[in-house]
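Asks:
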Amino acid sequence: MRTYFHSLESLPLLLLFTLILLLGQCRPDPDPIQDYCVADNKNAFFINGVPCIDPEEASSSHFATNALSKPGNTSNVFGFSVTPTNTVNLPGLNTLGLVLVRVDIAGNGIVPPHSHPRASEVTTCLKGLLLVGFIDTSNRVFTQNLKPGESFVFPKGLIHFLFNRDSREPALALSGLNSQNPGAQIASLASFASKPLIPNEILEKAYQISGRDVETIRRNLGG
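For the sequence shown, the residue numbers in mature numbering (1 follows the signal peptide of the UniProt record, and there is no 0) are -28 to -1, 1 to 195.
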């Protein structure tokens, strides 16, 4: 009986310890412990991030980039291109927990439904008319038309999309994400163009389509 009550007394402490562990796993990118950590892209040592150069070797050029100044190539099945900043084209970005992305979308092009498992995103329309939206975990859809200068937020991990409503003119947007490496997974490519391929019978059942439909979609997506 004494052992039983002793276990009950220690239960709150155990729950608190478990909560602390869970909160530690839910944090965004960790805060840097120095002013900056300019990426050493010549170092092959792999860690959760990129090693730093000697701070004495840092210069203004490490914190500037023109990577987002040029339009991307939208000649693909979806008609979009994303150009991100990263530790290669902007070494000073390392450990700061953010990334900027230029999004070019051809006329009637789409950034298809996709998710970022490690980041939330805010998108600002710079040119054109965009239909944007996300789907929450109850399958509720939130959409908005964006004109130049207007912004929209996509919560972390939720499926979202951007569509250029103009059939003739390209659209341009700039997105900011709160992770150095947000990750991206396009739903259709994950389902039909995975490597190795998901068995046909799984996709037939999940999407309520025929085996012929599966093969057609795969061909269209290049899978």
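Where a beta carbon is used, it is the ideal one built from N, C-alpha and C, also for glycine.
1) Relative to the alpha-carbon of residue 69, which residue among 79, 55, 150 has its alpha-carbon at the smallest distance?
2) With burial defined as no fewer than 16 other Cβ atoms inside 10 Å of the residue's Cβ, what is the status of residue 111: buried or exposed?
3) Can you give me the Cβ contacts of residue 163 inside the same chain, cut-off strictly under 8 Å, excluding the 5 residues immediately before and after it?
4) Excluding five sequence neighbours on each side, which residues of the same chain lie with their C-beta closer than 6 Å to the C-beta of residue 96?
5) Should the region 99 to 108 be called in touch with the region 124 to 137, which here means at least 3 C-beta pairs below 8 Å?
6) Using only CA atoms, which one of 119, 67, 93 lies nearest to residue 127?
7) Along the alpha helix (DSSP H) that carries residue 183, what are the first and last residues, could you check?
8) Assuming residue 161 and residue 193 make a contact with CB atoms under 8 Å, what is their CB distance in whole Å?
9) Helix, strand or coil for residue 148? Go by DSSP, reduced to three states.
10) By alpha-carbon positions, which one of 14, 186, 113, 72 ends up nearest to residue 152?
Replies: This is what the structure gives:
1) Selected option, being the one with the closest Cα: 150.
2) Within a 10 Å sphere around the beta-carbon of residue 111 sit fewer than 16 other beta-carbons, which makes this residue exposed.
3) Result list for residue 163: 170, 175, 178, 179, in chain order.
4) These residues qualify, in order along the chain: 123, 146.
5) The way I'd put it, the region 99 to 108 does touch the region 124 to 137; three or more beta-carbon pairs between them come closer than 8 Å.
6) Nearest to residue 127 by C-alpha distance, out of 119, 67, 93, is 93.
7) Looking at the DSSP string, the run of the alpha helix (DSSP H) that includes residue 183 is 183 to 193.
8) Right, their Cβ atoms sit about 6 Å apart.
9) If DSSP states are grouped into helix, strand and coil, residue 148 belongs with the strands.
10) Among 14, 186, 113, 72, the Cα nearest to that of residue 152 belongs to 72.
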